[in-house]
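Colleague: Which chain is which? The protein sequence lines are X and S, in order.
Take any residue in the first sequence, count from 1 to its spot, add 41: that is its number in the working numbering.
Take any residue in the second sequence, count from 1 to its spot, add 10: that is its number in the working numbering.
My questions will all concern the structure given below.
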Amino acid sequence: MEKRVTFKGLWLPLLLVLPQILITAVFFFYPAGQAIWQSLFIPDPFGLSMQFVGLGNFEYLLNDPYYRASFVTTAIFSVLVTLVSMAVALWLAVLADRLIKGSGTYRTLLIWPYAVAPAVAGVLWLFMFNTRVGVVTWYLGLLGYDWNHVLNEGEAMGLVVVASSWGRISYNFLFFLAGLQSIPRPVIEAAAIDGAHFWTRFRTIVFPLLSPTTFFLLVVNVVYAFFETFGVIHTITAGGPQQATTILVYKVYADGFVGQDLGSSAAQSVILLAIVSVLTIIQFRYIERRVHY
Amino acid sequence: MTARDALAAETPPVAHRAPSSRDGMVTRRGRGLWLTHLGLILGVLFIFFPIWLAFVASTVTQAEIARPPMPLLPGDRLLENYGRALRSGVNAPVALMLGNSLVMALGIALGKIAISLLSAFAIVYFRFPGRRLFFWLIFLTLMLPVEVRIVPTYEVAAGFGMLNSYSGLIFPLIASATATFLFRQFFMTVPDELAEAARVDGARPMRFFFDILLPMSRTNIAALFVILFIYGWNQYLWPLLITTDPSMNTIVMGIKQMFPSGDDLADWPVIMATSILAMIPPVIVVIGMQRLFIRGLVESEK
Numbered sequence: 042m043e044k045r046v047t048f049k050g051l052w053l054p055l056l057l058v059l060p061q062i063l064i065t066a067v068f069f070f071y072p073a074g075q076a077i078w079q080s081l082f083i084p085d086p087f088g089l090s091m092q093f094v095g096l097g098n099f100e101y102l103l104n105d106p107y108y109r110a111s112f113v114t115t116a117i118f119s120v121l122v123t124l125v126s127m128a129v130a131l132w133l134a135v136l137a138d139r140l141i142k143g144s145g146t147y148r149t150l151l152i153w154p155y156a157v158a159p160a161v162a163g164v165l166w167l168f169m170f171n172t173r174v175g176v177v178t179w180y181l182g183l184l185g186y187d188w189n190h191v192l193n194e195g196e197a198m199g200l201v202v203v204a205s206s207w208g209r210i211s212y213n214f215l216f217f218l219a220g221l222q223s224i225p226r227p228v229i230e231a232a233a234i235d236g237a238h239f240w241t242r243f244r245t246i247v248f249p250l251l252s253p254t255t256f257f258l259l260v261v262n263v264v265y266a267f268f269e270t271f272g273v274i275h276t277i278t279a280g281g282p283q284q285a286t287t288i289l290v291y292k293v294y295a296d297g298f299v300g301q302d303l304g305s306s307a308a309q310s311v312i313l314l315a316i317v318s319v320l321t322i323i324q325f326r327y328i329e330r331r332v333h334y
Numbered sequence: 011m012t013a014r015d016a017l018a019a020e021t022p023p024v025a026h027r028a029p030s031s032r033d034g035m036v037t038r039r040g041r042g043l044w045l046t047h048l049g050l051i052l053g054v055l056f057i058f059f060p061i062w063l064a065f066v067a068s069t070v071t072q073a074e075i076a077r078p079p080m081p082l083l084p085g086d087r088l089l090e091n092y093g094r095a096l097r098s099g100v101n102a103p104v105a106l107m108l109g110n111s112l113v114m115a116l117g118i119a120l121g122k123i124a125i126s127l128l129s130a131f132a133i134v135y136f137r138f139p140g141r142r143l144f145f146w147l148i149f150l151t152l153m154l155p156v157e158v159r160i161v162p163t164y165e166v167a168a169g170f171g172m173l174n175s176y177s178g179l180i181f182p183l184i185a186s187a188t189a190t191f192l193f194r195q196f197f198m199t200v201p202d203e204l205a206e207a208a209r210v211d212g213a214r215p216m217r218f219f220f221d222i223l224l225p226m227s228r229t230n231i232a233a234l235f236v237i238l239f240i241y242g243w244n245q246y247l248w249p250l251l252i253t254t255d256p257s258m259n260t261i262v263m264g265i266k267q268m269f270p271s272g273d274d275l276a277d278w279p280v281i282m283a284t285s286i287l288a289m290i291p292p293v294i295v296v297i298g299m300q301r302l303f304i305r306g307l308v309e310s311e312k
């Protein structure tokens, strides 16, 4: 795509892009390059010099049981967050789409948790399930269930999954509702006349037509679970118990800032960079393809 | 804003179907209608419950929370708890943290919009050496969230003496070109005749930019502002690293700092009052600018 009509000038356009180039070079390309560079070195024990180790950091990481465990944790966590938040959102969107009046009101009521920061969502859920004062913990205790996410790994994972999915429902709901409302009504009505019931219509017509939205949301939610849930993890579990909720992004932080292991942290950043690049490429290819529909 | 939000704008626009076609055959009436409402109300309750509890906790005394179960209806300490939070907080007055968050969110939103408008204008309306390279560099930044490059970015910010400063909170987070990408897409849809006419009339490029392009981009700018404001307000990891001085904490990252490190009972009424305060500005922005927000998120500009 090119504009037919352009203005003349050489210095003006360069001046216009200068602020962006400066900021991106200093705070984006230089640090990203540094991450890749640092991933090839290890600092000596006194932090005085750096020793070149090639791919040693990566080799070490891939053989490190903690790192592998963190990979598995991240996979479980992101699959669960994606499934929970998308399933609930799709269910609510399907219901809202069936209304003639009032779907706008429900939309208003359902979208605003998008504005609640993951870290704040973490504090809210931590409060409900707090082992000493949590309301839900107390009622679970009445039912004879002893909730303790500080010690129980499964419960810790469950809590961070629910807290991360909760705020995400809004986002998915908006996209599902928009997707549902763009399905031509006559198609669905024709099936209804042919005697297809709601569930049959949903399975054979609505869901397939919704697949572009679903696929888009799948990628977006996996990326969300990978990168934007740091606040939830940090407020609720701080990666514990026994690293049961240490997702990859949390480990970059824990090793780099708390553990001061810069080489390993940089190598982890590079691996994350590779993952996010692959996801982005998948997304772009898919969007390009869909243009030809 | 993340690359994902930028890509969100690439999804298909909302088709508005004619209201007349929405009859009773596919939509629900009678008992089915009530079940539909019931399902939605359950969803709304699930969304609201944590917030309701936080609100209740922010209106009762510490003693009432310390003896579970806490009440489920608001108490009478609302003014006292919020006053205590705003004036003194735990480490720093929450009023101060609110101010920091506001500066950060506005700085990120306005800063990113300003530099992106200028560079998108340059790459769409000029031919200059390095234009293609520049465009691809922009494209690259779409891929890399700040979480991935935190350690080196922190070192850069520390090197510039930006720790505990507003510039340290703002600049590293506007170093991505998602907004440039969106404005470029929009400028490509502006009819060529407008630029042609401006040129024939002898208008200089910047005149065209300020008098024609900027007014035409008003809705896009507003929609982007909503998304970026929320993005900036809700930042957690970056402020956590860059602000060690409690008086520079933002409210979203400051809440966690209010928890005692040992075994002491947290000051829940003040913490919950702070959580509610941390939500109010972005929620007002989302609800108040709902149409623009949805447009910024969902609709694309063809």
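Positions of the beta carbon are idealized from the N, C-alpha and C atoms, including for glycine.
Say whether the stretch 146-159 of chain X touches the stretch 201-216 of chain X, bearing in mind that this needs 3 or more beta-carbon pairs closer than 8 Å, one atom from each stretch.
Modeller: Short answer: they touch.
Colleague: Which residues of chain S have a Cβ atom closer than 7 Å to the Cβ of residue 90 (chain X), listed in chain order?
Modeller: The premise fails here: residue 90 (chain X) is roughly 17 Å from chain S at the closest Cβ pair, so nothing lies under 7 Å.
Colleague: Quick check on DSSP: helix, strand or coil for residue 84 (chain X)?
Modeller: Strand.
Colleague: Apart from the five residues on each side of it in sequence, which residues of its chain come closer than 6 Å, Cβ to Cβ, to residue 314 (chain S)?
Modeller: Outside the displayed range of chain S (11 to 312) lies residue 314 (chain S), so it cannot be described from this structure.
Colleague: Report, in whole angstroms, the separation of the C-beta atoms of residue 341 (chain X) and residue 288 (chain X), which I expect to be a contact under 8 Å.
Modeller: Since the displayed chain X opens at 42 and closes at 334, residue 341 (chain X) lies outside it and no answer follows.
Colleague: Does the Cβ of residue 231 (chain S) have 16 or more other Cβ atoms within 10 Å, making it buried, or fewer, making it exposed?
Modeller: Its Cβ being crowded by 16 or more others within 10 Å, residue 231 (chain S) is buried.
Colleague: Give me the subset of the stretch 273-287 of chain S whose CB atoms are less than 8 Å from a CB atom of chain X, sorted by chain position.
Modeller: Those residues of the stretch 273-287 of chain S that come within reach of chain X (Cβ to Cβ, closer than 8 Å) are 275, 278, 281, 282 and 285.
Colleague: Considering residue 217 (chain X), what are the terminal residues of the beta strand (DSSP E) in which it resides?
Modeller: Taken as a continuous stretch (DSSP letters only), residue 217 (chain X) belongs to no beta strand (DSSP E), being part of the alpha helix (DSSP H) at 194-222.
Colleague: Buried or exposed: residue 81 (chain S), going by 16 or more other Cβ atoms within 10 Å of its Cβ?
Modeller: That one is exposed.
Colleague: Tell me which residues share the same chain as residue 297 (chain S) and place their Cβ nearer than 6 Å to its Cβ, disregarding the 5 neighbours each side in the sequence.
Modeller: Within the same chain, residue 297 (chain S) has no close Cβ partners at all.
Colleague: Is residue 65 (chain S) helix, strand or coil by DSSP?
Modeller: Three-state result, residue 65 (chain S): helix.
Colleague: Taking only runs that begin and end inside the stretch 78-130 of chain X, name each unbroken alpha helix (DSSP H) of 4 or more residues, in chain order.
Modeller: You should have 97-104.
Colleague: Express the C-alpha separation of residue 298 (chain X) and residue 103 (chain X) in angstroms, rounding to a whole number.
Modeller: Cα to Cα, the separation comes out at about 21 Å.
Colleague: Does the distance from the CB of residue 236 (chain S) to the CB of residue 299 (chain S) come in under 7 Å?
Modeller: For residue 236 (chain S) and residue 299 (chain S), yes; Cβs fall inside 7 Å.
Colleague: Under 7 Å between C-beta atoms, does residue 49 (chain S) make it to chain X?
Modeller: Residue 49 (chain S) counts as touching chain X.
Colleague: Entirely within the stretch 261-324 of chain X and at least 4 residues each: give me those alpha helix (DSSP H) ranges in chain order.
Modeller: Counting whole runs of 4 or more residues, the stretch 261-324 of chain X contains the alpha helix (DSSP H) stretches 271-277 and 289-294.
Colleague: How would you label residue 128 (chain X), buried or exposed, when you count the other beta carbons within 10 angstroms and need 16 or more for buried?
Modeller: Residue 128 (chain X) should be labelled exposed.
Colleague: Assuming residue 261 (chain S) contacts residue 104 (chain S) (C-beta within less than 8 Å), just tell me the rounded distance between them.
Modeller: With a Cβ gap of about 6 Å, residue 261 (chain S) and residue 104 (chain S) count as contacting.
Colleague: Restricting to Cα atoms, I'd like to know which of X:193, X:44, X:93 and X:293 is closest to residue 130 (chain S).
Modeller: Comparing Cα-Cα distances from residue 130 (chain S) to each of X:193, X:44, X:93 and X:293, the minimum goes to X:44.
Colleague: Taking Cβ positions only, does residue 272 (chain X) come closer than 7 Å to chain S?
Modeller: By this cut-off, residue 272 (chain X) is an interface position.
Colleague: Evaluate contact between the stretch 194-214 of chain S and the stretch 110-125 of chain X, counting only Cβ atoms and requiring at least three cross-stretch pairs below 8 Å.
Modeller: Touching, no.
Colleague: The alpha helix (DSSP H) with residue 227 (chain X) in it runs from where to where?
Modeller: From DSSP, the alpha helix (DSSP H) with residue 227 (chain X) extends over 226-234.
Colleague: Count the other C-beta atoms from every protein chain shown that fall within 10 angstroms of the C-beta of residue 248 (chain S), then say buried if there are 16 or more, exposed otherwise.
Modeller: Per the 10 Å Cβ criterion, buried.
Colleague: Between the alpha carbons of residue 153 (chain X) and residue 244 (chain S), how many angstroms are there, rounded?
Modeller: So the two alpha carbons sit approximately 14 Å from each other.
Colleague: So is residue 292 (chain S) in contact with chain X if we call contact Cβ pairs under 7 Å?
Modeller: By this cut-off, residue 292 (chain S) is an interface position.
Colleague: I'd like to know whether the C-beta of residue 170 (chain X) is nearer than 7 Å to at least one C-beta of chain S.
Modeller: Chain S contact via Cβ: absent.
Colleague: Can you tell which of S:183, S:70, S:102 and S:77 has the C-alpha that lies nearest to the C-alpha of residue 87 (chain S)?
Modeller: The shortest Cα separation from residue 87 (chain S) among S:183, S:70, S:102 and S:77 belongs to S:70.
Colleague: Ends of the alpha helix (DSSP H) at residue 155 (chain X)?
Modeller: No alpha helix (DSSP H) holds residue 155 (chain X); DSSP gives it neither H nor E.
Colleague: For residue 249 (chain X), decide whether its Cβ has a neighbour in chain S, counting only Cβ atoms nearer than 7 Å.
Modeller: No, residue 249 (chain X) lies away from the interface with chain S (no Cβ there is under 7 Å from its Cβ).
Colleague: With a cut-off of 7 Å, does the C-beta of residue 119 (chain X) fall near any C-beta of chain S?
Modeller: Not an interface residue.
Colleague: How long is the line joining the alpha carbons of residue 85 (chain X) and residue 110 (chain X), rounded to whole angstroms?
Modeller: The straight-line gap from Cα to Cα measures roughly 27 Å.
Colleague: For residue 246 (chain X), which of X:258, X:165, X:112 and X:232 has the nearest alpha-carbon?
Modeller: Of the listed residues, the one whose Cα sits closest to residue 246 (chain X) is X:232.
Colleague: Closer than 7 Å by C-beta to residue 120 (chain S): which residues in its own chain qualify, once you throw out the five before and the five after it? Chain order, please.
Modeller: For residue 120 (chain S), where only same-chain residues beyond five positions count, there are no Cβ hits under 7 Å.
Colleague: Counting only beta-carbon separations shorter than 7 Å, does residue 224 (chain S) have a partner in chain X?
Modeller: Not one chain X Cβ lies under 7 Å of residue 224 (chain S).
Colleague: In whole angstroms, what separates the C-alpha of residue 133 (chain X) from that of residue 53 (chain S)?
Modeller: Near 7 Å, if we compare the C-alpha coordinates of residue 53 (chain S) and residue 133 (chain X).
Colleague: Let me know the secondary structure DSSP gives residue 170 (chain S) once reduced to three states.
Modeller: Coil at residue 170 (chain S), not helix or strand.
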